[in-house]
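Undergrad: Numbering (the numbering used here), first residue to last: 299 to 615.
Beta carbons: idealized from backbone N, C-alpha and C, even for Gly.
It should be emphasised that the depicted structure is a prediction, and the values quoted were computed from it without experimental measurement.
Can you keep this structure in mind? I'll have questions shortly.
Below is the structure:
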């Protein structure tokens, strides 16, 4: 049974608005379309591979420090820490990770709600520079294992370096792959985590089917993601810059829920908090400013109010 609790905003999203939004520039295309319960993305006829190529190119820039998915190039470590503190990471967690693992690109903290245990096998979908994977590694201990999946070679290189520096080279590994086709054996994983990544996938239904495949019986998927409470105007959903800013790639919450159910998940829990402050900085991005200038007054700002940051748990029986 799914629960959808409209929680009061407990975290300081204003710091994120000042320092950067959620993933502007993380991909170059798309509008969100759904058929039935399938959360799939199509952009002016662009293929899923084309969309992923755009995401990969932008994250490569982030890994090299020459571009931003969540704010301007040169996003500082202090800014990333302020952003992450505002979305649920504790000072203790942020102080224990190696410098360079935290890029400030999430919309929640799945490691705080996953209830990880010693000895578990964990997969992180879209592991980036390794923040959540390294935090998970500490929780599962030396007898556990964490596998980070990312499709960007530059991110993988950075994450592997961070794992060595953090002393987790033995129980953390990072594999190149797409989250719609996981390089992970079936029924081999206890917990899957993901942080503000699935909204950028052009084939979310495939992501959920793959997650279900690799989980063991009794396993769970724990996700932080951006979802919608009402459809976006087509002019925004079709705008490449809006997709890149974690806006156009988001789907309706009920469609996301149905896609999870269709993949086989049950006992699904969903809680939400407003992402309006979280996303506010996207309005200052050059592409978004151009879009806003071409729209009737306040259309884009009103659309931002339909964005919500969700924490989601889904179980495999």
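To the nearest angstrom, report how far apart residue 429 and residue 383 are at their CA atoms.
TA: Using only the alpha carbons, I get a separation of about 13 angstroms.
Undergrad: Quickly, what does DSSP pair residue 446 with across the bridge? List them, please.
TA: Its beta-bridge partners are 422 and 472.
Undergrad: Considering only C-alpha positions, which residue in the set 449, 439, 590 and 552 is nearest to residue 528?
TA: Residue 552 is the option with its Cα nearest to residue 528.
Undergrad: Could you give the distance in angstroms between the alpha-carbon of residue 320 and the alpha-carbon of residue 471?
TA: Interpretation of residue 320 is limited by its pLDDT of 40, a score under 50 that renders its predicted location unreliable; no figure is taken from the coordinates.
Undergrad: For a test of the three-state rule: what should DSSP assign to residue 586, helix, strand or coil?
TA: Helix.
Undergrad: Quick one: what does DSSP say residue 488 is sitting in, helix, strand or coil?
TA: Here residue 488 sits in strand by DSSP.
Undergrad: Could you spell out the range, first to last residue, of the beta strand (DSSP E) harbouring residue 480?
TA: Careful: residue 480 lies outside any beta strand (DSSP E) and carries neither H nor E.
Undergrad: Assign residue 532 to one of two classes, buried (16 or more other C-beta atoms within 10 Å of its C-beta) or exposed (fewer than that).
TA: Under this definition residue 532 is an exposed residue.
Undergrad: Can you give the Cα-Cα distance for residue 468 and residue 442, rounded to whole angstroms?
TA: For residue 468 and residue 442, the distance between alpha carbons rounds to 10 angstroms.
Undergrad: Starting from residue 554, trace the alpha helix (DSSP H) in both directions and tell me its first and last residue.
TA: Here the alpha helix (DSSP H) through residue 554 covers 551-561.
Undergrad: Is it buried or exposed, residue 393, if we count other Cβ atoms within 10 angstroms and call 16 or more buried?
TA: By the neighbour-count rule (16 or more Cβ atoms within 10 Å), residue 393 is not buried but exposed.
Undergrad: I need the boundaries of the beta strand (DSSP E) containing residue 387, first residue and last residue.
TA: No beta strand (DSSP E) holds residue 387; DSSP gives it neither H nor E.
Undergrad: Straight-line CA distance for residue 350 to residue 500?
TA: For residue 350 and residue 500, the distance between alpha carbons rounds to 8 angstroms.
Undergrad: Helix, strand or coil, according to DSSP, for residue 412 in the structure here?
TA: Note: residue 412 maps to coil in three-state DSSP.
Undergrad: Can you tell me the Cα-Cα spacing of residue 567 and residue 487, whole angstroms?
TA: Using only the alpha carbons, I get a separation of about 20 angstroms.
Undergrad: Tell me residue 502's beta-bridge partners as DSSP assigns them.
TA: According to DSSP, residue 502 bridges with nothing at all.
Undergrad: Between the beta-carbon of residue 607 and the beta-carbon of residue 558, is there less than 8 angstroms?
TA: Not in contact: residue 607 and residue 558 (Cβ atoms no closer than 8 angstroms).
Undergrad: Which stretch, first to last residue, makes up the alpha helix (DSSP H) that contains residue 496?
TA: Taken as a continuous stretch (DSSP letters only), residue 496 belongs to no alpha helix (DSSP H), as it is neither H nor E.
Undergrad: Name, in chain order, the residues that DSSP records as bridge partners for residue 571.
TA: Residue 571 pairs with 607.
Undergrad: Check whether the region 560-574 touches the region 599-614, taking contact to mean three or more Cβ pairs, one atom from each stretch, closer than 8 angstroms.
TA: With a cut-off of 8 angstroms, the region 599-614 and the region 560-574 count as touching, because enough Cβ pairs lie within range.
Undergrad: Taking residue 612 as the reference, give the member of 562, 590 and 591 with the closest Cα.
TA: Among 562, 590 and 591, the Cα nearest to that of residue 612 is on 562.
Undergrad: Going by other Cβ atoms of all chains shown within 10 Å of its Cβ, with 16 needed for buried, is residue 508 buried or exposed?
TA: Answer is buried; the Cβ neighbour count reaches 16.
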